[in-house]
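Remarks on the structure that follows.
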Amino acid sequence: MSDTAVALFLERGFDGVSVAEVAAAAEVSKPTLFRYFPAKEDLVLHRFADHRDEPARAVEAGRATGAAPLDALYAHLLDGLERRDPVTGLCDAPEVLAYHRLLYGTPALLARLHAYQAGAEAALAGALGGDPLVARLAAGQVVAVLRILADRNVGRIAGGETADAVAADAVAEAGRAFGTLREGLPYGAPA
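For the sequence shown, my numbering assigns the number 60 to the initial residue and increments by one for each residue that follows.
What follows is the structure, given as structure tokens:
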């Protein structure tokens, strides 16, 4: 159903396709479609649901080996960049580029993506443990860093650069971003 929906959305735009049309093309009823995908946006974004707990799982896996949470998250990001995981934005496969154009060009999808990211933030805060406020603040910063880094990669690749051309900068920016997380933001003193 999702692949059918995405193909229709790419062809006619997200707002140009009704849920009824998706259901008909997928040869299912609307109630069946909504059983699997509670909202039209989920037809596109369910792929992110698989990644929602990824930062939390990275922290838990790192904890099992004695790695600090930020080290585990950084290593997980570097692995994703090396694999050209689409969630890092460092992927120039044509179908991923088309998907990113759909996602970033549709306000309703971006709003739903932010809801998925809030879920990732909550899961990560739970994995970090400790003081709930501090854990939530840290998780929010980490999820924001991951989003911003992915957005930068998507923007460069959408601008015509290849993933291989962007890769070294993506790794360097990841290092700078995680360094900032470790050291704290440089805006504590008056300018």
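We put the beta carbon where it would ideally sit given N, CA and C, even for glycine.
Excluding five sequence positions before and after residue 186, the CB atoms of its chain that fall closer than 7 Å to its own CB belong to 115, 118, 119, given in chain order.
With fewer than 16 other beta carbons inside 10 angstroms of its own, residue 89 counts as exposed. In this structure, the alpha-carbon of residue 184 lies about 16 Å from that of residue 130.
Residue 112 and residue 182 do touch by the CB rule: their CB atoms are close to 5 Å apart, below 8 Å. Membership of residue 110 in any alpha helix (DSSP H) is not indicated, and neither H nor E is assigned to it by DSSP. Runs of the beta strand (DSSP E) lying entirely within the region 116-203, each at least 3 residues long, are absent. Sequence-distant Cβ neighbours of residue 206 in its own chain, meaning closer than 8 Å and more than five residues away, are 176. Classified as buried, residue 133 has 16 or more neighbouring CB atoms from the shown chains inside 10 Å of its CB.
Looking at 77, 147, 202, 92, the one whose alpha-carbon comes closest to that of residue 178 is 202. A residue is called buried once 16 or more other Cβ atoms fall within 10 Å of its Cβ, and residue 204 is buried on that count. Residue 221 carries a coil assignment under DSSP once its states are collapsed to helix, strand and coil. By the neighbour-count criterion, in which a residue is buried when 16 or more other Cβ atoms sit within 10 angstroms of its Cβ, residue 193 is exposed.
Residue environment: residue 145 is assigned as buried (16 or more neighbouring CB atoms within 10 Å of its CB, all protein chains considered). By the Cβ-count criterion, residue 71 is exposed, with fewer than 16 other Cβ atoms from all chains shown falling within 10 Å of its own Cβ. Look at residue 246 here: in three-state DSSP terms it is coil, with no helix or strand label. DSSP, reduced to helix, strand and coil, places residue 230 within a helical segment of the structure shown.
Secondary structure at residue 75: helix, using DSSP grouped into helix, strand and coil.
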